[in-house]
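Below: the structure, in structure tokens.
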Amino acid sequence: AQKVTQAQTEISVVEKEDVTLDCVYETRDTTYYLFWYKQPPSGELVFLIRRNSFDEQNEISGRYSWNFQKSTSSFNFTITASQVVDSAVYFCALSEAEGGTSYGKLTFGQGTILTVHP
Amino acid sequence: SQTIHQWPATLVQPVGSPLSLECTVEGTSNPNLYWYRQAAGRGLQLLFYSVGIGQISSEVPQNLSASRPQDRQFILSSKKLLLSDSGFYLCAWSSMDPQPQHFGDGTRLSIL
Numbered sequence: 002a003q004k005v006t007q008a009q010t011e012i013s014v015v016e017k018e019d020v021t022l023d024c025v026y027e028t029r030d031t032t033y034y035l036f037w038y039k040q041p042p043s044g045e046l047v048f049l050i051r052r053n054s055f056d057e058q059n060e061i062s063g064r065y066s067w068n069f070q071k072s073t074s075s076f077n078f079t080i081t082a083s084q085v086v087d088s089a090v091y092f093c094a095l096s097e098a099e100g101g102t103s104y105g106k107l108t109f110g111q112g113t114i115l116t117v118h119p
Numbered sequence: 004s005q006t007i008h009q010w011p012a013t014l015v016q017p018v019g020s021p022l023s024l025e026c027t028v029e030g031t032s033n034p035n036l037y038w039y040r041q042a043a044g045r046g047l048q049l050l051f052y053s054v055g056i057g058q059i060s061s062e063v064p065q066n067l068s069a070s071r072p073q074d075r076q077f078i079l080s081s082k083k084l085l086l087s088d089s090g091f092y093l094c095a096w097s098s099m100d101p102q103p104q105h106f107g108d109g110t111r112l113s114i115l
């Protein structure tokens with residue numbers, strides 16, 4: 002069975018600090034997809050990124066960057082120069098795609114609460 | 004562009020009362036649809052998913068049921084609510100596996 006672990010329950014930083022959110026996953030499939038979502042205080046989940054298991058290139062989008070390490074089954078998320086608006090719960094999620102039978106079902110980690118103080 | 008609507012935003016119901024939460028998607032056809040529950044503001048649990056009209060798969064045994072009467076409509080129901088049904092319910096859609104899922108704004112359900 003697949004599993005996603007976000008060991009950091011809560012992180013508190015001061016504005017402009019860099020912060021890394023850890024995500025470790027378990028799966029027996031060779032083809033899978035990893036996601037990060039942001040949940041601001043208003044509650045909706047906002048999609049941030051999708052990465053497939055064959056693409057280990059790191060990705061940068063503005064102040065956000067993602068480091069995918071297949072060897073350690075990790076998909077970490079770094080926010081550079083954090084801002085108060087980054088305060089939210091961040092979820093890492095995994096979808097298995099072997100044989101096309103996953104139907105896109107996501108397994109979520111427990112989430113990391115990020116608080117950025119001014 | 005595609006949008007997802009979920010209502011109501013908040014709901015307070017007595018124990019034993021029925022429930023009906025509705026979710027509709029616009030701007031796409033034959034989406035995969037999902038219902039999640041988030042308890043105590045953490046961790047999302049997949050409750051149901053649907054790949055087509057009338058096709059419902061349940062992920063966990065519970066007091067809830069789901070239906071998909073139309074292509075872009077997904078309904079979460081219960082005949083008799085329990086205290087343990089309280090939580091934040093999120094509907095989501097995706098165009099196909101493994102596209103990312105896009106979520107509605109959620110319904111906060113409180114059972115008294």
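Heads up: the sequence lines are chains Z and U, in that order.
Heads up: the first sequence begins at 2 in my numbering, then just goes up one per residue.
Heads up: the second sequence begins at 4 in my numbering, then just goes up one per residue.
Positions of the beta carbon are idealized from the N, C-alpha and C atoms, including for glycine.
These figures come from a predicted structure and were not determined experimentally.
Z:A82 and Z:D19 have their alpha carbons spaced roughly 5 Å apart.
At a cut-off of 8 Å between beta-carbon atoms, U:S70 makes no contact with chain Z. In the three-state scheme derived from DSSP, where H, G and I count as helix and E and B as strand, U:K82 is classed as coil.
If you draw a straight line from the Cα of U:H105 to the Cα of U:V18, it is about 31 Å long.
DSSP places Z:T81 outside both helix and strand once states are collapsed to three, so it counts as coil.
Looking at the backbone, the Cα of U:P11 and that of Z:T10 are separated by about 30 Å. For chain U, the residues of the stretch 46 to 64 of chain Z that bring a beta carbon within less than 7 Å of one of its beta carbons are L46, F48, R51, in chain order.
Straight-line spacing of the CA atoms in Z:T113 and Z:L35 works out to 16 Å. With its beta carbon at least 8 Å from every one in chain U, Z:L22 lies outside the interface. Taking 3 residues as the minimum length, the beta strand (DSSP E) runs contained wholly in the stretch 43 to 112 of chain U are 45 to 55, 58 to 61, 68 to 73, 76 to 81, 90 to 97, in order along the chain.
A distance below 8 Å separates the beta carbons of U:Q65 and U:L50.
Between the alpha carbons of Z:E45 and U:P34 lies a distance of about 19 Å. With a threshold of 16 other beta carbon atoms within 10 Å, Z:T31 falls short and is exposed.
Taking all protein chains in view, the Cβ of U:T13 is surrounded by fewer than 16 other Cβ atoms within 10 Å, so the residue is classified as exposed. Per DSSP, the unbroken beta strand (DSSP E) holding Z:L95 starts and ends at 89 to 97. Here Z:R51 is bridged, per DSSP, to Z:F36.
Here Z:R29 is exposed. Its C-beta has fewer than 16 other C-beta atoms within 10 Å.
Exclusion of the five residues before and after U:I78 leaves S23, L24, E25, C26, A69, S70, R71, P72 as the residues of its chain whose Cβ lies within less than 8 Å of its Cβ. Z:A8 is a Cβ neighbour of Z:D23, given a cutoff of 8 Å.
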